[in-house]
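Peer 1: Each residue of the sequence shown is one higher than the one before, counting from 6 in our numbering.
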Amino acid sequence: MTLLDECLSPHVAMPQRDHIRLDWQQPYPALERARSVAWTCWCRATVYELYEGAGRAFVRRTIQLDSGHQVQETFSWPINEARAIWTALLSGRAR
Ligand SMILES: [Zn+2]
6 MTLLDECLSP
16 HVAMPQRDHI
26 RLDWQQPYPA
36 LERARSVAWT
46 CWCRATVYEL
56 YEGAGRAFVR
66 RTIQLDSGHQ
76 VQETFSWPIN
86 EARAIWTALL
96 SGRAR
């Protein structure tokens, strides 16, 4: 893979057959001031970011399309729960 040297951020693993299915929603404005604290590599068409703010966190999914970006987000959870979900997402146990 030629891009390997340029990829500093993780890539998500293939989803496992029994993975947790996250509920992806239109972005919800209540946590707008949240900041991105982790993200997957932008070399993939679908990029995931973990946002934290005010003791809560959620995951944003951006699908990079030729016609523009499609952005969806999960509900927010307490930060510790969201970090566990983030780990599951990266390893293919949630998507
Ligand atoms: Zn990459």
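We put the beta carbon where it would ideally sit given N, CA and C, even for glycine.
#1: Trp82 by DSSP, collapsed to three states: which one?
#2: Just to check my reading of the structure: Ala99 and Leu27 have Cβ atoms closer than 8 Å, yes? What is that Cβ distance to the nearest angstrom?
#3: For Gln30, which residues of its own chain have a beta-carbon under 8 Å away from its beta-carbon, when the five flanking residues on both sides are left out?
#4: Around the C-beta of Tyr53, are 16 or more other C-beta atoms found within 10 angstroms, so that it is buried, or is it exposed?
#5: Got a sec, what are the start and stop residues for the beta strand (DSSP E) Arg66 sits in?
#6: Just the Cα atoms here: how many angstroms apart are Thr92 and Gly60?
#7: Return yes when the Cβ of Gln75 is within less than 9 Å of the Cβ of Ile84, no when it is not.
#8: Quick one: using the 10 Å Cβ neighbour count with 16 as the cut-off for buried, is Leu94 buried or exposed?
Peer 2: On the basis of the supplied data:
#1: Within the sequence shown, residue 82 is the residue found at index 77, counting from 1. Trp82: strand per DSSP, three-state reduction.
#2: Within the sequence shown, residue 99 is the residue found at index 94, counting from 1. Within the sequence shown, residue 27 is the residue found at index 22, counting from 1. Approximately 6 Å separates the beta-carbon atoms of Ala99 and Leu27; this is inside 8 Å, confirming the contact.
#3: Mapped onto the sequence shown, residue 30 falls at position 25. Spatial neighbours of Gln30 in its own chain (CB-CB distance under 8 Å, excluding positions within 5 residues in sequence) are listed in chain order as Gln77, Glu78, Thr79, Phe80.
#4: To locate residue 53, count along the sequence shown from 1; it is residue 48. So Tyr53 counts as buried.
#5: As a working note, residue 66 is residue 61 in the sequence shown. Here the beta strand (DSSP E) through Arg66 covers 61–70.
#6: If you number the sequence shown from 1, residue 92 lands on position 87. If you number the sequence shown from 1, residue 60 lands on position 55. Computed Cα separation, rounded: 18 Å.
#7: Residue mapping note: residue 84 aligns to position 79 of the sequence shown, counting from 1. Residue mapping note: residue 75 aligns to position 70 of the sequence shown, counting from 1. Their beta carbons are not under 9 Å apart, which means Ile84 does not touch Gln75 by this criterion.
#8: Residue mapping note: residue 94 aligns to position 89 of the sequence shown, counting from 1. Buried, because 16 or more other Cβ atoms sit within 10 Å of the Cβ of Leu94.
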